[in-house]
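Notes follow once the structure below has been shown.
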Amino acid sequence: MSSVIAATRFSVLDRSRTREGGTNAQALRDTVRLARELEGLGYHRFWVSEHHGVPGVAGSAPTVLAAAVASATDRIRVGTGGVMLPNHQPLVVAEQFGVLESLFPGRIDMGLGRSVGFTDGVRKALGRGKDDADDFAVQLEELLGWFRGTSPTGVHARPAEGLTVPPFVLAMGEGAAIAARAGLPMVIGDLRNRDRMRRGIDHYRARFRPSVWAREPYVVISGTVAVAATPEEARRLLIPEAWAMAYSRTHGTFPPLPAAERVEGLVMTEKERGFYEGGLAGHIAGTEEQVAHELETVLKETAAQEVLVTTSTYDREALLDSYRRLATITSG
C-alpha cells in the first residue's frame, strides 16, 4: 500500500438517498445499517447530511439521524456533513450537539455548512432567504461561543457548555476563508474540479489562524469514489446519481435514484445527455489498482489528511462491496 494512503484517514458521508420503488424509512434504515458495516471495515467517521423537501433524500434531520447511527455503532465517529447553520438558531444547534456528545462522549463531530435550501419554496418554508448564508461566519462564532461559555446574553447552553465537539466547516465558496479565520478543520469538494479544490486548500492553509479548536490546518477532501471488479462495473455505480443530477438540472426536482439498467435504456434529450455525461466524468472510479493510483495522485496534490467518500447509488449491495474494496486499499 502507498505510504501516502496509509497516512490518510478515510471516512464516509451517506445522504440517505431514496431509491425508485423504495421508501424514506428504508433509506434511513439503510444509512444506519451501512454505518454498522463501515465501522467493521475500519472507517474513521460516518456522517449524515441535511436536505429539506428533496424527493430523493430522506435525511432532513441530521442530528436525529446521527443519534440513531451512534446508538447502532460502538467506535466509529459520527457527525453531520453538515448541519446547515443558517437554517437554525446557534443555541439550538449547540444544545443538540451537547446532547449527542453527552450520550456518546468522544465520538461526535459537528460538520457545519452555509446552504439555505434547495429551492425558493424550501427557503420560504424555513423562513430563510439566500442572503442568510452571508451571516454564516457570525453564526459560527456564536455557536462556538455556546460551547465556550462566552455568550454575552448571560444564557448558558445546557449540556453543551464546557464540552468539546470538534467543529468542521464545509467549504463551498466562502467557506475556506471562514474556516481559516475561525481556525477550524475544513471539508472541501469536489474531486471533479481539482484545480478549484487546490486553490481553496491553498487559500485555507495560507490564511489559517490557530485556535482552541485546531492548532494547525486540517483538510478533508470529499467526493465520489467507486471501486469494483472491472472499470465497467465501477462506472455503473455512478449512473443512478449522474442521471438524478441531470434530471434535477433539466426538470427542477431531484428524484429518487433509478436502477442503472433503467437509465441505460432511456432516450435522453441533448441537454439531458450533456448533464448526464458530465455527471459521470471526473470521479475516482475503477478497479482497486486504478483507484489506489488516483487516490495517491490526489493526496500528493492536496496533502489532505482525510478523504470523505460521498458515493451514492441504487444498488446498496454494490455500494457496500465498493466500500469493502476501498477498505482493502486503505488498510493494506
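With the sequence shown counted from 1, adding 15 to any position gets you the numbering used here.
Quick reminder that beta carbons are idealized off the backbone N, C-alpha and C, glycines included.
Quick caveat: nothing in here was measured; it's all calculated off a predicted structure.
query: When DSSP labels each residue in this structure, what does A241 get in the three-state scheme?; result: strand
query: According to the Cβ coordinates, are I91 and A50 closer than 9 Å?; result: yes
query: Could you check whether the stretch 316-327 touches the stretch 236-253, counting it as contact only if at least three pairs of C-beta atoms, one from each stretch, sit closer than 8 Å?; result: yes
query: Looking only at C-alpha atoms, which of F25, A76, L118 sits nearest to A342?; result: F25
query: Round the Cβ separation of L295 and R250 to the nearest angstrom and send it over; I've been treating them as touching at under 8 Å.; result: 7 Å
query: Shortest alpha-carbon distance to M99 belongs to which of S18, E52, R48, S75?; result: S75
query: When you measure from the CB of L49 to every non-hydrogen atom of the ligand ZN, does any distance come out below 8 Å?; result: Here there are no bound small molecules, and the ligand ZN is not part of this structure.
query: Looking at the unbroken beta strand (DSSP E) that takes in L323, where does it start and where does it end?; result: 321-324
query: For N208, count neighbouring Cβ atoms within 10 angstroms of its own Cβ and tell me buried if that reaches 16, exposed if not.; result: exposed
query: How many Å lie between V19 and G190 at the Cα?; result: 26 Å
query: At 3 residues or longer, and completely inside the stretch 19-75: list those beta strand (DSSP E) runs for me, N to C.; result: 24-29, 60-63
query: Using the rule of at least 16 other Cβ atoms within 10 Å of the residue's Cβ for burial, across every protein chain shown, is P182 buried or exposed?; result: buried
query: Would you please state the rounded distance, in angstroms, between the beta carbons of R213 and E54? I believe it to be under 8 Å.; result: Actually they do not touch by this definition, with Cβ atoms about 32 Å apart.
query: Tell me whether D124 sits in a helix, a strand or coil according to DSSP, three-state version.; result: strand
query: Determine the closest residue to V93 out of W258, H308, P101, V63, with distance taken between C-alpha atoms.; result: V63
query: So what does V93 bridge to, in DSSP terms?; result: F61, I123
query: Closest by CA to G126, which one among H266, V202, N102?; result: V202
query: Looking at V79 and F269, is the spacing between their C-beta atoms short of 9 Å?; result: no
query: Counting along the chain, where does the beta strand (DSSP E) carrying V170 start and finish?; result: Counting along the chain, V170 falls outside any beta strand (DSSP E), and DSSP gives it neither H nor E.
query: Could you tell me the distance, in whole angstroms, from the CA atom of A274 to the CA atom of L206?; result: 24 Å
query: Please tell me whether P255 and L281 are closer than 9 Å, where the distance is taken between their beta carbons.; result: no
query: Please give me, in chain order, every unbroken run of the alpha helix (DSSP H) with length at least 4 that falls completely inside the stretch 145-228.; result: 151-163, 190-197, 209-222
query: Give every residue of the same chain whose Cβ lies closer than 7 Å to the Cβ of M283, excluding the five residues on either side of it in the sequence, and list them in chain order.; result: Y291
query: Would you mind giving the Cβ-Cβ distance between A85 and R48, rounded to the nearest angstrom? I have them listed as a contact below 8 Å.; result: With 8 Å as the limit, A85 and R48 do not qualify as a contact, their Cβ atoms being about 14 Å apart.
query: Since L252 sits in a beta bridge, which residues does DSSP pair it with?; result: Beta-bridge pairing links L252 to no other residue.
query: Check whether the Cβ atoms of T302 and A257 sit closer than 9 Å, and answer yes or no.; result: no
query: Looking at C-alpha atoms only, which residue of P232, V108, T165, L178 is the closest neighbour of A194?; result: P232
query: Could you tell me which residues DSSP pairs with A300 in its beta bridges?; result: A241
query: Over the uninterrupted alpha helix (DSSP H) stretch that includes L115, give me the two end residues.; result: 105-118
query: Helix, strand or coil for L272? Go by DSSP, reduced to three states.; result: strand
query: Figure out for me which residue from H103, A261, T312, K139 has the closest Cα to the Cα of Q154.; result: H103
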